[in-house]
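J.: Numbering (my numbering) for the sequence shown: 1 to 285.
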Amino acid sequence: MQENFQIANISELVSFDEEKTSLSADYGLNISFDAKNIINFNLDSFFIDDISKLSRVVFFESPAYWSVRDALNKSKEVEEKNDLTGVPKYFYDLDKALNTKSTNPPLEIISKLVTELKAEIGGEFIFENGRLSFVDDSNRSIDKNLISFGMTNLGMIQTLLKNNVISKGSFVFFDEPETNLHPTWQVLLTKTLIKLAESGVNVVMATHSLDMIKALEVHTKEKDGDFIAINHFTKEGGLFEFDSSNITENLIESREKLSSPYTDLYTEDAKNGRFNQLLQNNSAC
């Protein structure tokens, strides 16, 4: 956790108003750590067995790292083992995964998704001699630094699928994938993640995007109730309690909560408009 969060002490993850932080799961995991850096954990044997059987875990964050990828990799080669550079470990894990190829061909449904993504973004990302570049449909090679951040995320997904790195049973984490992504591409990415889930990939996404939530709402309406789970965190860090157990209704509630600032601005603007109209009417009298 220290390498991924880039913190010197695990105690930095404890909230200021709490003495300790605890993490637990129903399937045999309990971890707690306090402000004194004391860590306690309990792992059941069946939990360890389940973890050992996990397929690959991939974490996507800001594509901004990829614009300075070469410099980061060079600095990593000379850094001391315990140095904190500010670059999370999962960036290097993803970089390594992008260079990985499986001897097993991807499933047919995954191969179809690879083809669809390549068509949507007009090409694919290629690793050659340790360098990452984008090759478009006319076979022109374009440096990664000239590719938009949004296309980079989609392109990396396409590459990992093509190389069978993301496959059935894999876990894929996305932290605010809408960053620097045009609303149209946000919808495309959401549909892609849904197709990944349909293929047996476990997808976890944190988002503030109204467009992505609406896309989830539209494209998961006919899914079974256990296909998707929604957790809406409040500003205080707690979980928002939904009025309904229906997933579509939960998505609608989340979208309405996130759009409340727009609603407030619209109301404020409408009130100001009426007030100005009254002033004009009074001036005319």
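Beta carbons: idealized from backbone N, C-alpha and C, even for Gly.
These figures come from a predicted structure and were not determined experimentally.
Quick check: the Cα distance between Phe125 and Trp185, rounded to an integer number of angstroms?
T.: Counting from 1 along the sequence shown, the entry for residue 125 is found at position 125. Counting from 1 along the sequence shown, the entry for residue 185 is found at position 185. Answer to the nearest angstrom: the Cα atoms are 17 Å apart.
J.: With a 10 Å radius around its C-beta and 16 neighbouring C-beta atoms as the bar for buried, classify Ser170 as buried or exposed.
T.: One-based indexing of the sequence shown puts residue 170 at position 170. That one is buried.
J.: Give the secondary structure of Ala25 by DSSP, where H, G and I count as helix, E and B as strand, and everything else as coil.
T.: Here residue 25 corresponds to residue number 25 of the sequence shown, with the count starting at 1. If DSSP states are grouped into helix, strand and coil, Ala25 belongs with the strands.
J.: So the beta strand (DSSP E) Ser254 belongs to, where does it begin and stop?
T.: Sequence index remark: in the sequence shown, residue 254 carries index 254 (1-based). Here Ser254 belongs to no beta strand (DSSP E); instead the alpha helix (DSSP H) covers 247–258.
J.: Look at the alpha carbon of Thr190 and the alpha carbon of Met212, and state the distance between them as a whole number of angstroms.
T.: Counting from one through the sequence shown, the residue named residue 190 turns up at place 190. Counting from one through the sequence shown, the residue named residue 212 turns up at place 212. Their backbone Cα atoms lie some 6 Å apart in a straight line.
J.: Quick one: Cα of Lys271 to Cα of Asn163, how far?
T.: The residue given as residue 271 occupies position 271 in the sequence shown. The residue given as residue 163 occupies position 163 in the sequence shown. Rounded to the nearest angstrom, the two C-alpha atoms are 56 Å apart.
J.: Take the Cβ of Asn153 as the centre, count every other Cβ of all protein chains shown within 10 Å, and call the residue buried at 16 or more, exposed below.
T.: If you number the sequence shown from 1, residue 153 lands on position 153. Classification of Asn153: buried, given that the 10 Å Cβ count is 16 or more.
J.: Starting from the Cα of Tyr27, find the closest Cα among Asn37, Ser45, Phe16 and give me that residue.
T.: Here residue 27 refers to the residue found at position 27 when the sequence shown is read from its first residue. That would be Ser45, whose Cα lies nearest to the Cα of Tyr27.
J.: Which class does Gly273 belong to by DSSP, given the choice of helix, strand or coil?
T.: As a first step, residue 273 is located in the sequence shown; it is residue number 273 there, counting from the start. Three-state DSSP puts Gly273 in a helix.
J.: On the criterion of 16 or more Cβ atoms from any shown chain inside 10 Å, does Pro106 qualify as buried, or is it exposed?
T.: For this step, residue 106 is matched to residue 106 along the sequence shown. Under this definition Pro106 is a buried residue.
J.: Anyone know if the C-beta pair for Leu161 and Val114 falls short of 8 Å?
T.: For the purposes of this step, residue 161 is taken as residue 161 along the sequence shown, with counting starting at 1. For the purposes of this step, residue 114 is taken as residue 114 along the sequence shown, with counting starting at 1. In this structure, Val114 lies closer than 8 Å to Leu161 by Cβ.
J.: Going by DSSP, which residues form a beta bridge with Phe227?
T.: Here residue 227 corresponds to residue number 227 of the sequence shown, with the count starting at 1. Answer is none; Phe227 lacks a bridge partner.
J.: Taking the alpha carbon of Phe174 as the reference point, which residue from Gln158, Leu193, Tyr262 has its own alpha carbon closest?
T.: Looking up residue 174 in the sequence shown gives position 174. That would be Leu193, whose Cα lies nearest to the Cα of Phe174.
J.: Taking the alpha-carbon positions, what's the Glu116 to Phe233 distance?
T.: Position 116 of the sequence shown holds residue 116. Position 233 of the sequence shown holds residue 233. Distance between the alpha carbons of Glu116 and Phe233: 33 Å.
J.: Go ahead and pull the three-state DSSP assignment for Ser111.
T.: By 1-based counting over the sequence shown, the position of residue 111 is 111. Three-state DSSP puts Ser111 in a helix.
J.: I'd like to know whether the C-beta of Glu241 is nearer than 8 Å to at least one C-beta of chain B.
T.: Although the question refers to chain B, the structure presented lacks it and comprises just one protein chain.
J.: DSSP three-state call for Ser168: helix, strand or coil?
T.: Within the sequence shown, numbered from 1, the residue matching residue 168 stands at position 168. The displayed chain sequence assigns Lys, not Ser, to residue 168. Coil.
J.: From which residue to which residue does the beta strand (DSSP E) around Ala206 run?
T.: For the purposes of this step, residue 206 is identified with residue 206 of the sequence shown, where counting begins at 1. Element bounds for Ala206: 202–206.
J.: Taking C-beta to C-beta, are Val287 and Val14 nearer than 8 Å?
T.: This structure does not reach residue 287, given that the chain is present from 1 up to 285, and the question cannot be answered.
J.: For the beta strand (DSSP E) that contains Val57, what are its first and last residues?
T.: As a position in the sequence shown, residue 57 is number 57, starting the count at 1. Counting along the chain, the beta strand (DSSP E) containing Val57 begins and ends at 57–60.
J.: Quick check: Ala97 and Arg56, are their CB atoms within less than 8 Å of each other?
T.: Stepping through the sequence shown from its first residue, residue 97 is reached at position 97. Stepping through the sequence shown from its first residue, residue 56 is reached at position 56. Yes, the Cβ-Cβ distance between Ala97 and Arg56 is below 8 Å.
J.: Determine the burial state of Gly237: buried for a count of at least 16 other Cβ atoms within 10 Å of its Cβ, exposed for fewer.
T.: If you number the sequence shown from 1, residue 237 lands on position 237. Burial call: exposed.
J.: Taking the C-alpha atoms as reference points, what is the distance between Asp264 and Asp137?
T.: Position 264 of the sequence shown, counting from 1, holds the residue named residue 264. Position 137 of the sequence shown, counting from 1, holds the residue named residue 137. Near 46 Å, if we compare the C-alpha coordinates of Asp137 and Asp264.
J.: Give the DSSP-derived three-state secondary structure of Lys118 in the structure shown.
T.: On the sequence shown, position 118 is the one that residue 118 refers to. If DSSP states are grouped into helix, strand and coil, Lys118 belongs with the helices.
J.: Do Ser22 and Ser32 have their C-beta atoms closer together than 8 Å?
T.: Here residue 22 corresponds to residue number 22 of the sequence shown, with the count starting at 1. Here residue 32 corresponds to residue number 32 of the sequence shown, with the count starting at 1. Taking 8 Å as the Cβ cut-off, Ser22 and Ser32 qualify as a contacting pair.
J.: On the DSSP letters alone, give me the boundaries of the alpha helix (DSSP H) that Ile39 sits inside.
T.: On the sequence shown, residue 39 is found 39 positions in, with the first residue counted as 1. From DSSP, Ile39 is part of no alpha helix (DSSP H) but of the beta strand (DSSP E) over 39–43.
J.: From Asp243 to Asn231, what distance separates their C-alpha atoms?
T.: The residue you call residue 243 lines up with position 243 of the sequence shown. The residue you call residue 231 lines up with position 231 of the sequence shown. C-alpha separation (whole angstroms): 13 Å.
J.: Decide if Leu43 is buried, meaning its Cβ has at least 16 other Cβ atoms within 10 Å, or exposed.
T.: Reading the sequence shown from its first residue, position 43 is the one you call residue 43. By the neighbour-count rule (16 or more Cβ atoms within 10 Å), Leu43 is not buried but exposed.
J.: Quick one, are the C-beta atoms of Ser199 and Ile121 less than 8 Å apart?
T.: The count along the sequence shown starts at 1 and reaches residue 199 at position 199. The count along the sequence shown starts at 1 and reaches residue 121 at position 121. No, Cβ-Cβ distance for Ser199 and Ile121 is not below 8 Å.
J.: Checking 8 Å against the spacing of the C-beta atoms, do Glu222 and Arg255 come in under that value?
T.: One-based indexing of the sequence shown puts residue 222 at position 222. One-based indexing of the sequence shown puts residue 255 at position 255. Not closer than 8 Å, so no.
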